[in-house]
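**Student:** Just dropping this structure here.
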Amino acid sequence: MARNVGYLWDALYGWVDTGSGGFTPADPAVGLQPIGHHVAHPDTKRRFHEAVQVSPLRTHLPTLEARPAEEADLLRVHDAKHVESIKTQSDNPKGGDAGDGATPFGKGGYDIGLLAAGGAIAATEAVVDGTVDTAYALINPPGHHAERARGMGFCLFNNASVAAAYAKEKLGLNRVAIVDWDVHHGNGTQDIWWEDPSVLTISLHQNKCYPPESGFREDNGEGAGEGAALNIPLPPGSGNAVYELAMADVVVPALRAFEPELIIVASGFDASVMDPLARQMVTQSGFKTLTAQIMAIADEVCGGKVVFVQEGGYSPYYLPICGIGVLETLTGKDSGFGDPFGVLFSTQGVDDLFDHQREEVAEAAKLVAKVPTP
């Protein structure tokens, strides 16, 4: 199906300052040397954008303009104390930390955070008002770990949740689903909507990866929101076939039951076989299939209205290739790039499906019966 796919990027997303540590701040007392590239250095996502620009896809992706979110947009999903903390630290000569001691941001980080959240809003508006059929917001910093009261995991503000709340408050939507295929649990998104049955949060992630204490199947929402948080923890070593099965047997039936008016995909590429911060085995081919599965159910339940919001992904080599694959699937156009690593990966078990993986997906599928229906 030919789709009009909006594409959003701003040069300031490539200016996010993640400091001089490799993962946590440099500290000579414990042997952590300064390094030029923090694992979440923005160059990885900038490389994705540049791959888009040198590919034929650029002529099939109408540009959407980012704009800063308003503080009121943040306050729909975050405590005022958290927002003020980021804002105040942002004026410091060296910036500050979002809340967990391992999420540094530089001077002016608050403004880039506003632009990331606002980019998610702009993409959502364009899809809901019909300017485009679907949209890919290549924003930075990511957002899905940011809880109501603090940032963490390289995330300042929860961009997807800011967009979902905006869609409900300003665009008149009643039911929104957030599908998170980032390899790490979308703990922040779950925290924000924990008691709200109007937003279905679905997270496919590596079990006990990050945060290691969250994302279990029994974490299912509370009060009026019971059943509206759906976690699909997958064993380490899960590749294309496992993710595709989880999408087919859990995500798609859950979306069909929930009947959202809009789907937001928290699109992280750190489940890829080359990512340094997890141990999953999804390839470009797998991400293309996941995208096709999402769009098929979206066509059925919400007129194809889907907003992809960039989350994590830390392989500067492979994230751009996976991202291009998603855009190829959305546009129905060929970049001409293919997957330069695909032949090698195809020999390494990326399409295997073992009994213990089937069993984990089957257990998660039992939760679909609890999903709130209209």
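Numbering (the numbering used here), first residue to last: 171 to 544. For every residue, glycine included, the Cβ atom is placed at its ideal position computed from N, Cα and C. A quick note: this is a predicted structure, and the numbers were derived from the prediction, not measured.
Apart from the five residues just before and just after V253, which ones in its own chain have a Cβ nearer than 6 Å to its Cβ?
**Tutor:** Residue mapping note: residue 253 aligns to position 83 of the sequence shown, counting from 1. Contacts found: L244.
**Student:** Between the beta-carbon of E339 and the beta-carbon of R217, is there less than 8 Å?
**Tutor:** By 1-based counting over the sequence shown, the position of residue 339 is 169. By 1-based counting over the sequence shown, the position of residue 217 is 47. For E339 and R217, no; Cβs fall outside 8 Å.
**Student:** Look at the Cβ atom of V298, then the Cβ atom of K475, and state whether they are nearer than 8 Å.
**Tutor:** If you number the sequence shown from 1, residue 298 lands on position 128. If you number the sequence shown from 1, residue 475 lands on position 305. A contact, by the Cβ cut-off of 8 Å.
**Student:** Any idea what DSSP makes of I491, helix, strand or coil?
**Tutor:** For the purposes of this step, residue 491 is identified with residue 321 of the sequence shown, where counting begins at 1. I491: helix per DSSP, three-state reduction.
**Student:** Mind checking H314: buried by the 16 CB within 10 Å criterion, or exposed?
**Tutor:** As a first step, residue 314 must be located in the sequence shown, where it is residue number 144. Per the 10 Å Cβ criterion, buried.
**Student:** Suppose the cutoff is 8 Å on Cβ atoms and the five residues either side in sequence are ignored; what does the same chain contact list for H355 look like?
**Tutor:** Numbered from its first residue, the sequence shown carries residue 355 at position 185. Within the same chain, H355 has close Cβ partners S373, H375, C379, Y380, P381, S384, G385, N401 and P403.
**Student:** W179 and L341: beta carbons closer than 8 Å?
**Tutor:** The residue you call residue 179 lines up with position 9 of the sequence shown. The residue you call residue 341 lines up with position 171 of the sequence shown. No, the pair does not count as a contact, with Cβ atoms beyond the cut-off.
**Student:** Across which residues does DSSP place M322 in a beta bridge pair?
**Tutor:** As a first step, residue 322 is located in the sequence shown; it is residue number 152 there, counting from the start. Per DSSP, C325.
**Student:** Go ahead and pull the three-state DSSP assignment for Q203.
**Tutor:** Within the sequence shown, the letter at position 33 stands for residue 203. If DSSP states are grouped into helix, strand and coil, Q203 belongs with coil.
**Student:** When the distance is taken between beta carbons, is P430 closer than 8 Å to L370?
**Tutor:** Here residue 370 refers to the residue found at position 200 of the sequence shown. Here residue 430 refers to the residue found at position 260 of the sequence shown. Against a cut-off of 8 Å, the Cβ pair of P430 and L370 comes out as a contact.
**Student:** Just checking my contact of R320 with A268 at CB under 8 Å: how many whole Å lie between their CB atoms?
**Tutor:** In the sequence shown, residue 320 corresponds to position 150, counting from 1. In the sequence shown, residue 268 corresponds to position 98, counting from 1. Sure, about 7 Å apart at Cβ, within 8 Å.
**Student:** Identify which residue in D525, T258, R387 and F507 has its Cα closest to the Cα of Q360.
**Tutor:** Counting from 1 along the sequence shown, the entry for residue 360 is found at position 190. When only C-alpha atoms are compared, the closest one is R387.
**Student:** Where do the ends of the alpha helix (DSSP H) carrying A290 lie?
**Tutor:** Against the sequence shown, residue 290 aligns to sequence position 120. Run containing A290: G279 to V298, per the alpha helix (DSSP H) assignment.
**Student:** Report, in whole angstroms, the separation of the C-beta atoms of F193 and H248, which I expect to be a contact under 8 Å.
**Tutor:** What you label residue 193 is simply residue 23 of the sequence shown in a count that begins at 1. What you label residue 248 is simply residue 78 of the sequence shown in a count that begins at 1. Not really, about 25 Å apart at Cβ, beyond 8 Å.
**Student:** Would you say the stretch 506 to 517 touches the stretch 452 to 467, given that touching needs at least three Cβ pairs under 8 Å?
**Tutor:** Contact holds: three or more Cβ-Cβ distances are below 8 Å.
**Student:** Could you give the distance in angstroms between the alpha-carbon of H208 and the alpha-carbon of A293?
**Tutor:** Counting from one through the sequence shown, the residue named residue 208 turns up at place 38. Counting from one through the sequence shown, the residue named residue 293 turns up at place 123. Using only the alpha carbons, I get a separation of about 28 Å.
**Student:** Three Cβ pairs or more, each shorter than 8 Å: is that satisfied between the stretch 479 to 496 and the stretch 519 to 533?
**Tutor:** Contact fails: fewer than three Cβ-Cβ distances are below 8 Å.
**Student:** Please report how far the alpha carbon of A196 lies from the alpha carbon of M465, in whole angstroms.
**Tutor:** The residue labelled residue 196 in the question sits at position 26 within the sequence shown. The residue labelled residue 465 in the question sits at position 295 within the sequence shown. Each residue's Cα considered, the two are about 42 Å apart.
**Student:** What are the boundary residues of the alpha helix (DSSP H) that S455 is part of?
**Tutor:** What you label residue 455 is simply residue 285 of the sequence shown in a count that begins at 1. Q454 to C472 is the extent of the alpha helix (DSSP H) around S455.
**Student:** Kindly indicate which three-state DSSP category D525 falls into: helix, strand or coil?
**Tutor:** For the purposes of this step, residue 525 is taken as the residue at position 355 of the sequence shown. Three-state DSSP puts D525 in a helix.
**Student:** Using the Cα positions of V162 and V435, report the straight-line distance between them to the nearest angstrom.
**Tutor:** It is not possible to answer for residue 162, since the shown part of the chain is limited to 171 through 544.
**Student:** So which of A532, I433, T214 and Q463 has the shortest CA-CA distance to A290?
**Tutor:** Counting from one through the sequence shown, the residue named residue 290 turns up at place 120. Among A532, I433, T214 and Q463, the Cα nearest to that of A290 belongs to I433.
**Student:** Helix, strand or coil for S331, going by three-state DSSP, please let me know.
**Tutor:** Working through the sequence shown from its first residue, we reach residue 331 at position 161. It is helical.
**Student:** Name the DSSP beta bridge partners of L177, please?
**Tutor:** Here residue 177 is taken as the residue at index 7 of the sequence shown, counted from 1. The sequence given here has Tyr at residue 177, not Leu. Answer is T233 and Y306, bridged to Y177.
**Student:** What span of residues does the alpha helix (DSSP H) with N425 cover, start to end?
**Tutor:** Sequence index remark: in the sequence shown, residue 425 carries index 255 (1-based). Reading off the sequence, residue 425 comes out as Leu, not Asn. It spans V422 to F428 - the alpha helix (DSSP H) in which L425 sits, taken as one unbroken run.
**Student:** Check each candidate in M417, D469 and I467 and name the one with the smallest Cα separation from V457.
**Tutor:** For the purposes of this step, residue 457 is identified with residue 287 of the sequence shown, where counting begins at 1. Val is not the amino acid found at residue 457; the sequence shown has Phe there. It is M417 whose Cα lies nearest to the Cα of F457.
**Student:** From this set, G191, A210, G265 and K215, which residue's C-alpha is nearest P204's C-alpha?
**Tutor:** As a working mapping, residue 204 is identified with position 34 in the sequence shown. For the residues G191, A210, G265 and K215, the minimum Cα distance to P204 belongs to G191.
**Student:** Using only the alpha-carbon positions, how far apart do A411 and T233 sit?
**Tutor:** Counting from 1 along the sequence shown, the entry for residue 411 is found at position 241. Counting from 1 along the sequence shown, the entry for residue 233 is found at position 63. Those two C-alpha atoms are separated by around 33 Å.
**Student:** Spatial neighbours of D270 within its chain, please: C-beta separation below 6 Å, excluding the five flanking residues on both sides.
**Tutor:** Residue 270 sits at position 100 when you count from the first residue of the sequence shown. So the qualifying residues of the chain are M322.
**Student:** Three Cβ pairs or more, each shorter than 8 Å: is that satisfied between the stretch 389 to 399 and the stretch 536 to 543?
**Tutor:** They touch, by the three-pair rule.
**Student:** Within the same chain, show all residues whose beta-carbon is closer than 8 Å to that of D213, passing over the 5 residues directly before and after it, in chain order.
**Tutor:** Translated into the one-based positions of the sequence shown, residue 213 becomes position 43. G184, H207 and P486, listed in sequence order.
**Student:** Please classify A286: is it buried, with 16 or more other beta-carbons within 10 angstroms of its beta-carbon, or exposed?
**Tutor:** The residue labelled residue 286 in the question sits at position 116 within the sequence shown. Buried, since its Cβ has 16 or more Cβ neighbours within 10 Å.
**Student:** From this set, C492, S505, V479 and S437, which residue's C-alpha is nearest L227's C-alpha?
**Tutor:** What you label residue 227 is simply residue 57 of the sequence shown in a count that begins at 1. Cα-wise, what sits closest to L227 is S505.
**Student:** Between the C-alpha atoms of A399 and D366, what's the straight-line distance to the nearest angstrom?
**Tutor:** For the purposes of this step, residue 399 is identified with residue 229 of the sequence shown, where counting begins at 1. For the purposes of this step, residue 366 is identified with residue 196 of the sequence shown, where counting begins at 1. So the alpha carbons of these two residues sit roughly 9 Å apart.
**Student:** Taking the C-alpha atoms as reference points, what is the distance between Y413 and E241?
**Tutor:** By one-based count along the sequence shown, residue 413 stands at place 243. By one-based count along the sequence shown, residue 241 stands at place 71. Answer to the nearest angstrom: the Cα atoms are 36 Å apart.
**Student:** Tell me the DSSP bridge mates of L400?
**Tutor:** To locate residue 400, count along the sequence shown from 1; it is residue 230. Its beta-bridge partners are I372.
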